[in-house]
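A.B. asks:
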Amino acid sequence: MVGILVMLNNYFHDFATALVVVCTYGMLFMVKYAERKGGQDSREMVLA
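In the working numbering, the protein residues as written are -8 to 39.
(1) Apart from the five residues just before and just after Phe6, which ones in its own chain have a Cβ nearer than 8 angstroms to its Cβ?
(2) I need the boundaries of the alpha helix (DSSP H) containing Met21, first residue and last residue.
(3) Quick check: what's the CA-CA separation for Ala25 versus Tyr16?
What follows is the structure, encoded as structure tokens:
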């Protein structure tokens, strides 16, 4: 029983870490895209 709980803990920790990394790269991509296009509306939407 303890082994299953440890395995689930490792799984959820790995999933949460991957989610943070993917969201960070996604946000960086959106910010770079908004800065490159130069539109004031899109920049305000992304950086708000």
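Ideal Cβ placement from N, Cα and C applies to all residues, glycine included. Because the structure is a prediction, the values reported are computed rather than measured.
C.D. replies: Taking the structure as given:
(1) none
(2) Val(-7) to Lys28
(3) Going by the C-alpha atoms only, they are around 14 angstroms apart.
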